[in-house]
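Asker:
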Amino acid sequence: MIPPADTEMKKPTAPTAGGKPSKGAGTVLKTVDWGDFRDHLATADRDGHRKWIYPRKPKGRFHHARAWLSVVLLTIMFAGPFIRIDGNPLLMMNIVQRKFVILGQVFWPQDFPIFAVAMLLFLTGIVIFTTAFGRLWCGWTCPQTVLMEMVFRKIEYLIEGDAHQQRALTQAPWSAKKILKRGGKQLVFLGLSFVIGNTLLAYIIGSDELIRIITDPPSMHLKGLTFMVLFTLLFYGIFARFREQACTFICPYGRFQSALLDENSIVVAYDHKRGEGRGPLRRSETPAARKSAGQGDCVDCHQCVSVCPTGIDIRDGTQMECVNCTACIDACDTVMTKVGKPVGLIRYASLNGIERSEKLRVTPRLVGYSVVLLALISLFLYLLFTRLDVQTTLLRARGNTLFQEMPDGRLANLFTAKLVNKTHHDIPVTFKLENAPGTIKVMGNSLTIPAEKLVEVMVLIELERAEVQGGQRQLQVGVYHGDRRLELLKTVFIGPRMAPAAPQP
Numbered sequence: 001m002i003p004p005a006d007t008e009m010k011k012p013t014a015p016t017a018g019g020k021p022s023k024g025a026g027t028v029l030k031t032v033d034w035g036d037f038r039d040h041l042a043t044a045d046r047d048g049h050r051k052w053i054y055p056r057k058p059k060g061r062f063h064h065a066r067a068w069l070s071v072v073l074l075t076i077m078f079a080g081p082f083i084r085i086d087g088n089p090l091l092m093m094n095i096v097q098r099k100f101v102i103l104g105q106v107f108w109p110q111d112f113p114i115f116a117v118a119m120l121l122f123l124t125g126i127v128i129f130t131t132a133f134g135r136l137w138c139g140w141t142c143p144q145t146v147l148m149e150m151v152f153r154k155i156e157y158l159i160e161g162d163a164h165q166q167r168a169l170t171q172a173p174w175s176a177k178k179i180l181k182r183g184g185k186q187l188v189f190l191g192l193s194f195v196i197g198n199t200l201l202a203y204i205i206g207s208d209e210l211i212r213i214i215t216d217p218p219s220m221h222l223k224g225l226t227f228m229v230l231f232t233l234l235f236y237g238i239f240a241r242f243r244e245q246a247c248t249f250i251c252p253y254g255r256f257q258s259a260l261l262d263e264n265s266i267v268v269a270y271d272h273k274r275g276e277g278r279g280p281l282r283r284s285e286t287p288a289a290r291k292s293a294g295q296g297d298c299v300d301c302h303q304c305v306s307v308c309p310t311g312i313d314i315r316d317g318t319q320m321e322c323v324n325c326t327a328c329i330d331a332c333d334t335v336m337t338k339v340g341k342p343v344g345l346i347r348y349a350s351l352n353g354i355e356r357s358e359k360l361r362v363t364p365r366l367v368g369y370s371v372v373l374l375a376l377i378s379l380f381l382y383l384l385f386t387r388l389d390v391q392t393t394l395l396r397a398r399g400n401t402l403f404q405e406m407p408d409g410r411l412a413n414l415f416t417a418k419l420v421n422k423t424h425h426d427i428p429v430t431f432k433l434e435n436a437p438g439t440i441k442v443m444g445n446s447l448t449i450p451a452e453k454l455v456e457v458m459v460l461i462e463l464e465r466a467e468v469q470g471g472q473r474q475l476q477v478g479v480y481h482g483d484r485r486l487e488l489l490k491t492v493f494i495g496p497r498m499a500p501a502a503p504q505p
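Quick note, in my numbering, the sequence shown goes up one by one and the last residue is 505.
1. Please name the residue in 264, 328, 272 whose C-alpha comes closest to that of residue 363.
2. Using beta-carbon positions only, say whether residue 209 and residue 310 come within less than 7 Å of one another.
3. Among all the DSSP beta bridges, which residues are the ones paired with residue 478?
4. What is the DSSP secondary structure of residue 462, counted as helix, strand or coil?
5. In the DSSP assignment, find the beta strand (DSSP E) that holds residue 418 and state where it starts and stops.
6. Assign residue 435 to one of two classes, buried (16 or more other C-beta atoms within 10 Å of its C-beta) or exposed (fewer than that).
7. Report back the beta-carbon spacing between residue 128 and residue 373 to the nearest angstrom; my notes put them in contact at under 8 Å.
8. Just grab the DSSP bridge partners of residue 393 for me.
9. Report yes if the C-beta of residue 171 is less than 6 Å from at least one heavy atom of the ligand SAM; otherwise report no.
10. Give me the Cα-Cα distance between residue 404 and residue 458, rounded to the nearest whole angstrom.
11. Count the other C-beta atoms from every protein chain shown that fall within 10 angstroms of the C-beta of residue 428, then say buried if there are 16 or more, exposed otherwise.
12. Where does residue 341 land, buried or exposed, given buried means 16+ other C-beta within 10 angstroms?
13. Check whether the Cβ atoms of residue 132 and residue 189 sit closer than 7 Å, and answer yes or no.
14. Quick one: Cα of residue 497 to Cα of residue 402, how far?
15. Here's the rule I'm using: 16 or more other beta-carbon atoms within 10 Å means buried, otherwise exposed. How should residue 200 be labelled?
16. How would you label residue 27, buried or exposed, when you count the other beta carbons within 10 angstroms and need 16 or more for buried?
17. Expressed to the nearest angstrom, what Euclidean distance is found between the alpha-carbon atoms of residue 60 and residue 334?
18. Less than 7 Å between the C-beta atoms of residue 453 and residue 421, yes or no?
19. Please tell me whether residue 495 and residue 411 are closer than 7 Å, where the distance is taken between their beta carbons.
20. Going by C-alpha distance, which of 216, 461, 409 is nearest residue 432?
21. Work out the CA separation of residue 170 and residue 162 for me, nearest whole Å.
22. Could you tell me the boundaries of the alpha helix (DSSP H) in which residue 282 lies?
23. Considering only DSSP beta bridges, list what residue 93 is partnered with.
24. Please name the residue in 330, 406, 451 whose C-alpha comes closest to that of residue 439.
25. Compute the distance between the beta-carbons of residue 319 and residue 130, then report whether it is under 7 Å.
26. Please report the Cβ distance between residue 479 and residue 390, rounded to the nearest whole angstrom; I am assuming they are in contact, meaning their Cβ atoms lie under 8 Å.
27. Work out the CA separation of residue 151 and residue 140 for me, nearest whole Å.
28. Could you compute how far the alpha carbon of residue 11 sits from the alpha carbon of residue 156?
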């Protein structure tokens, strides 16, 4: 068991939602400054110096469920770069080559509207989920939490022991045993960071390129090796030293949630109506005597504080540092079972659920967010299903005259066509004029676009002079793969504005 975050700060006798002691607080406790805990972080002292957190090893039904979910998530995370769907990786975000693969589908910069809508869809989903269920994402599925609590923290427990053993090892003088434990732990952490860093790199450049970096001579991939080392050091710093401060200082989600949570949001909450006023349980004390003394079910054991990975006291209410990891729920349920009290003193609940025993209800704000989400889903599906395998841009050639007169009297315009093949197989294409008689020629050989490549060609369009009235003609150009039209382009054919004057007799 560890002491409260600040031993000078005394706990309230029986707080209510407004932070004031409830009636009948009895004989128990001490006076407090109820707002003091919001004036400083649990991981820093009053001078701003880092206070190392030694959370006790959690156990219980919620931790068991989180552990199994973490196994699934970690399997997907580490296997993701090597899973292939129709020849493409499951997920890849190659910013350098501007190539993005999601669930085996390749997206290019030309698909930016789809990507932008997908990001808005993701953010709106988080907003709705947070409004209804608080920071469930942080505690259960966030990669930072999963890796820290289910991988690095468990290795630390295995090597150094539980919280009190870790604290004793820190205070002990340096010895061969301490050097072996601390050094061994850091080496394991560094090795894990190397694996995680390489996995992240594989999500960026692809698993095939990562394997080449590993197997080829180092001199052939100096840039790749540099990023490999940087990613390794980054993750080592996060999980070996920075830890919970990544959630407190860097991640904006904790601050962002304050604008989303309301009295109906489901969060990890302490039932102050049932628990206050808190006080230790004496062996000879009967439930009736405890109740008459104005004491609640909370026995002030601080087990909920000792297991918290961010060092807060959940009994102070919803706080920015709380990631909803449920460790305090498991710890409190264990104590309640031992003292013969009902579990659920700390549980998933809303403020209205505790104050008024209300269940989760649909609020106008939740309805508004849901309407926006449905609109974004519809737009995303429309863009996805109307996405073209080949995207073509047809522009007038630079540095060329507006039109040319051919020897046979016809007029010609020269265009530049840029074609992007978004698939992983070669596609031969042809051009056809859809709304005017004439010819369209690709300068060079037959046009075949290699898989996942961009091809730029010159295209010459010829029309009869009679087809160009008023100096220009609107054209429609079809891009075909065999007999299937892939795309319909619109452009303007330029000709002379006036017919030449008749020759003088």
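C-beta: ideal position from N, C-alpha, C; glycine also.
Note that this is a predicted model, so its numbers are computed, not measured.
Answerer: So, to answer that:
1. 264
2. no
3. 432, 488
4. The answer is strand: DSSP assigns residue 462 an E or B state.
5. 411-421
6. Exposed.
7. About 6 Å separates the beta carbons of residue 128 and residue 373, which is inside the 8 Å limit, making them a contact pair.
8. Looking at the DSSP output, residue 393 sits in a beta bridge with 418.
9. For the ligand SAM, the structure offers nothing, since it holds no ligand at all.
10. Distance between the alpha carbons of residue 404 and residue 458 is about 15 Å.
11. exposed
12. buried
13. no
14. The straight-line gap from Cα to Cα measures roughly 11 Å.
15. Around the Cβ of residue 200, a 10 Å sphere holds 16 or more other Cβ atoms; the residue is buried.
16. The predicted model places residue 27 with a pLDDT of 35, which falls under 50 and marks its position as unreliable, so this point remains unresolved.
17. 8 Å
18. Yes, these two residues count as a Cβ contact at 7 Å.
19. The answer is yes: Cβ separation under 7 Å.
20. 461
21. 12 Å
22. No alpha helix (DSSP H) holds residue 282; DSSP gives it neither H nor E.
23. 100
24. The shortest C-alpha separation from residue 439 is found at 406.
25. Contact: no.
26. Indeed, because the Cβ distance is near 6 Å, the residues count as touching under 8 Å.
27. 14 Å
28. At residue 11, the pLDDT of 40 sits below 50, so the modelled position is not reliable; the number obtained from the coordinates is stated separately. Near 31 Å, if we compare the C-alpha coordinates of residue 156 and residue 11.
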